[in-house]
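Below is one structure, written out as C-alpha coordinates, with a few remarks after it.
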Amino acid sequence: MTATEVRIERRELPPIPNIGANVVDMIDPYAVVTAGHIVGKVERYCYWHPNDEHPLDVVYEATIDGLPDTSGTAQVLMNQPESLRQLAAVCAQVALLLEEAKTRSDLVRGFFLSGNQTDMSGV
(Lines of atoms letter the chains of each structure in order from A and count residues from 1; the text may use other names and numbers.)
(Lines give C-alpha, C1' and ligand atoms only; values in the text may rest on other atoms or scores of the structure.)
Protein backbone atom coordinates (compact mmCIF):
# COMPACT_ATOMS: atom_id res chain seq x y z
CA MET A 1 0.00 0.00 0.00
CA THR A 2 1.37 3.42 -0.89
CA ALA A 3 0.60 6.66 0.91
CA THR A 4 -1.80 8.93 -0.88
CA GLU A 5 -0.43 12.40 -1.51
CA VAL A 6 -2.89 15.00 -0.31
CA ARG A 7 -2.61 18.50 -1.74
CA ILE A 8 -4.33 21.44 -0.03
CA GLU A 9 -4.77 24.75 -1.82
CA ARG A 10 -6.20 27.62 0.22
CA ARG A 11 -7.67 30.60 -1.58
CA GLU A 12 -8.20 34.20 -0.57
CA LEU A 13 -11.89 34.95 -0.11
CA PRO A 14 -13.30 38.25 -1.34
CA PRO A 15 -15.14 40.37 1.24
CA ILE A 16 -18.68 39.32 2.09
CA PRO A 17 -20.87 41.47 -0.18
CA ASN A 18 -23.08 44.26 1.10
CA ILE A 19 -26.77 43.92 0.38
CA GLY A 20 -28.51 46.63 -1.59
CA ALA A 21 -31.01 46.64 -4.43
CA ASN A 22 -29.43 43.77 -6.39
CA VAL A 23 -29.61 40.04 -5.78
CA VAL A 24 -26.53 38.54 -4.11
CA ASP A 25 -25.78 35.01 -5.29
CA MET A 26 -22.07 34.21 -4.93
CA ILE A 27 -20.05 31.03 -4.57
CA ASP A 28 -16.40 31.48 -3.60
CA PRO A 29 -13.90 28.65 -3.10
CA TYR A 30 -12.03 28.75 0.21
CA ALA A 31 -9.93 25.61 -0.20
CA VAL A 32 -9.47 22.68 -2.57
CA VAL A 33 -8.14 19.33 -1.35
CA THR A 34 -6.94 16.78 -3.89
CA ALA A 35 -5.90 13.18 -3.34
CA GLY A 36 -5.52 11.27 -6.58
CA HIS A 37 -8.68 11.83 -8.60
CA ILE A 38 -10.79 12.75 -5.55
CA VAL A 39 -11.39 16.47 -5.12
CA GLY A 40 -12.89 18.06 -2.04
CA LYS A 41 -13.83 21.72 -1.84
CA VAL A 42 -14.80 24.11 0.90
CA GLU A 43 -16.90 26.91 -0.55
CA ARG A 44 -18.66 29.96 0.81
CA TYR A 45 -22.15 30.68 -0.46
CA CYS A 46 -23.65 34.16 -0.07
CA TYR A 47 -27.30 34.66 -1.00
CA TRP A 48 -29.78 37.49 -0.59
CA HIS A 49 -32.82 38.59 -2.60
CA PRO A 50 -34.51 41.98 -2.15
CA ASN A 51 -37.96 40.34 -2.23
CA ASP A 52 -37.09 38.07 0.68
CA GLU A 53 -37.45 39.44 4.16
CA HIS A 54 -34.31 37.69 5.38
CA PRO A 55 -30.77 38.91 6.08
CA LEU A 56 -27.85 37.93 3.89
CA ASP A 57 -27.36 34.16 4.11
CA VAL A 58 -23.70 33.08 4.39
CA VAL A 59 -23.00 29.34 4.45
CA TYR A 60 -19.79 27.31 4.24
CA GLU A 61 -20.13 23.85 2.73
CA ALA A 62 -17.79 21.02 1.90
CA THR A 63 -18.27 18.84 -1.14
CA ILE A 64 -16.34 15.79 -2.25
CA ASP A 65 -16.68 15.08 -5.95
CA GLY A 66 -16.76 11.53 -7.23
CA LEU A 67 -14.27 10.10 -9.65
CA PRO A 68 -14.57 11.44 -13.22
CA ASP A 69 -15.54 8.02 -14.57
CA THR A 70 -18.46 7.69 -12.13
CA SER A 71 -20.24 10.83 -13.33
CA GLY A 72 -20.15 12.24 -9.81
CA THR A 73 -22.10 9.38 -8.24
CA ALA A 74 -19.81 9.54 -5.22
CA GLN A 75 -20.57 13.19 -4.51
CA VAL A 76 -20.87 14.15 -0.84
CA LEU A 77 -22.24 17.42 0.56
CA MET A 78 -21.87 18.27 4.25
CA ASN A 79 -21.87 21.39 6.38
CA GLN A 80 -20.72 20.02 9.73
CA PRO A 81 -16.97 19.52 10.39
CA GLU A 82 -17.60 16.51 12.63
CA SER A 83 -19.48 14.78 9.82
CA LEU A 84 -16.46 15.23 7.56
CA ARG A 85 -14.15 13.80 10.25
CA GLN A 86 -16.46 10.80 10.52
CA LEU A 87 -16.50 10.40 6.74
CA ALA A 88 -12.70 10.49 6.68
CA ALA A 89 -12.49 7.83 9.36
CA VAL A 90 -14.96 5.63 7.53
CA CYS A 91 -13.21 6.14 4.18
CA ALA A 92 -9.82 5.24 5.66
CA GLN A 93 -11.16 2.02 7.13
CA VAL A 94 -13.18 1.12 4.04
CA ALA A 95 -10.04 1.57 1.94
CA LEU A 96 -8.17 -0.88 4.17
CA LEU A 97 -11.02 -3.36 4.07
CA LEU A 98 -11.38 -3.05 0.30
CA GLU A 99 -7.67 -3.73 -0.12
CA GLU A 100 -7.95 -6.68 2.26
CA ALA A 101 -10.95 -8.10 0.43
CA LYS A 102 -9.22 -7.82 -2.94
CA THR A 103 -6.09 -9.61 -1.73
CA ARG A 104 -7.43 -12.38 0.54
CA SER A 105 -7.12 -15.59 -1.43
CA ASP A 106 -10.10 -17.21 0.30
CA LEU A 107 -12.32 -14.35 -0.92
CA VAL A 108 -11.04 -13.94 -4.48
CA ARG A 109 -9.73 -17.36 -5.57
CA GLY A 110 -11.59 -18.56 -8.62
CA PHE A 111 -12.92 -15.11 -9.53
CA PHE A 112 -11.57 -12.35 -11.73
CA LEU A 113 -12.16 -8.97 -10.08
CA SER A 114 -11.91 -6.50 -12.96
CA GLY A 115 -8.14 -6.79 -13.13
CA ASN A 116 -7.68 -5.99 -9.44
CA GLN A 117 -6.90 -9.51 -8.29
CA THR A 118 -3.27 -9.90 -7.23
CA ASP A 119 -3.22 -13.70 -6.89
CA MET A 120 -4.22 -15.17 -10.24
CA SER A 121 -3.11 -18.75 -9.41
CA GLY A 122 -6.62 -19.87 -8.53
CA VAL A 123 -8.29 -18.52 -11.66
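Positions 8 to 130 (my numbering) are the ones given, in order, by the sequence shown.
Positions of the beta carbon are idealized from the N, C-alpha and C atoms, including for glycine.
Does Ala-95 come out as helix, strand or coil in the three-state DSSP assignment? helix
Assign Asp-64 to one of three DSSP states: helix, strand, or coil. strand
Considering just the uninterrupted stretch of the beta strand (DSSP E) at Asp-76, what are its terminal residues? Where Asp-76 is concerned, there is no enclosing beta strand (DSSP E), given that its DSSP letter is neither H nor E.
So, using beta-carbon positions, are Met-85 and Ala-69 closer together than 8 Å? yes
Residues bridged to Lys-48 by DSSP? Looking at the DSSP output, Lys-48 bridges to Val-39, Thr-70.
Three-state secondary structure (DSSP) of Val-13: strand
Val-83, DSSP secondary structure in three states: In the three-state DSSP reduction, Val-83 falls in the strand class (E or B).
Could you work out which residue in Ala-96, Val-31, Gln-87 is closest to Trp-55 when comparing CA atoms only? Val-31
Can you list, in chain order, the residues of its chain with a C-beta nearer than 7 Å to that of Arg-51? Leave out the 5 residues immediately preceding and following it. Leu-20, Asp-35, Tyr-37, Val-65, Tyr-67
Alpha carbon of Val-83 to alpha carbon of Asp-59, nearest angstrom: Computed Cα separation, rounded: 29 Å.
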